[in-house]
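**Q**
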Amino acid sequence: MMNCSIYFEIQADEPNRAINFYKTVFGWRFERASEGLPIAYWRIDTGEAVGGGGLLQRPAQPPPQECGTNAFVCSFEVDSIDEVTKTVLAHGGQIALPAFDVKGRGRQGYFLDTEGNTFGVFQIDPSVE
13 MMNCSIYFEI QADEPNRAIN FYKTVFGWRF ERASEGLPIA YWRIDTGEAV GGGGLLQRPA
73 QPPPQECGTN AFVCSFEVDS IDEVTKTVLA HGGQIALPAF DVKGRGRQGY FLDTEGNTFG
133 VFQIDPSVE
């Protein structure tokens with residue numbers, strides 16, 4: 013089996029708006045990359061040892077909404093989906109799919125950020141029936 017760590021990227025129409033959203037919702041830290049990249053790029057420190065990510069100006073327009081999600085969607089573990097839902101909505105995000113129970117595992121939900129990107133959150137709770 014291959015070792016695997018996670019690195020994700022978020023594309024944004026307005027990077028500063030997206031940075032503020034993710035700082036507020038998840039408490040992530042952002043640092044502007046200065047390695048002479050051809051685009052504006054920020055490295056994301058999630059505070060977790062297993063991965064991180066980056067944020068960049070969206071280089072192309074996403075497909076129309078009626079096409080559904082054309083992406084590899086990342087989900088992030090949270091302590092409370094209910095609290096995250098309140099924070100997402102209060103800071104310009106939207107519910108894409110309301111939280112639902114996953115028997116024996118916990119709860120899962122999906123949202124749209126301020127840039128129209130889909131992301132998921134999950135709350136671990138093995139007692140969910």
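The numbering used here numbers the first residue of the sequence shown as 13 and each following residue consecutively.
Each residue gets a CB set at the ideal place from its N, CA and C atoms; glycine is no exception.
1) What would DSSP say about F33, mapped onto helix, strand or coil?
2) Using CA atoms only, rank isn't needed, just tell me which of E141, P50, V96 is closest to F123.
3) For a quick check, are the C-beta atoms of D57 and R41 less than 8 Å apart?
4) In three-state terms, what does DSSP make of I22?
5) With C-beta atoms as the reference, is R70 less than 8 Å away from Q106?
6) Counting beta carbon pairs with one atom in the stretch 115-130 and one in the stretch 20-37, are three or more of them shorter than 8 Å?
7) Which stretch, first to last residue, makes up the alpha helix (DSSP H) that contains R93?
**A** Looking at the atomic coordinates:
1) F33 falls in the helix class under three-state DSSP.
2) The residue among E141, P50, V96 with its C-alpha nearest the C-alpha of F123 is V96.
3) Closer than 8 Å, so yes.
4) Of the three classes helix, strand and coil, the one that applies to I22 here is strand, per DSSP.
5) No.
6) Contact holds between the stretch 20-37 and the stretch 115-130, because three or more Cβ pairs, one in each stretch, are under 8 Å apart.
7) This sequence places Ile at residue 93; Arg is not what is there. First-last of the alpha helix (DSSP H) with I93: 93-102.
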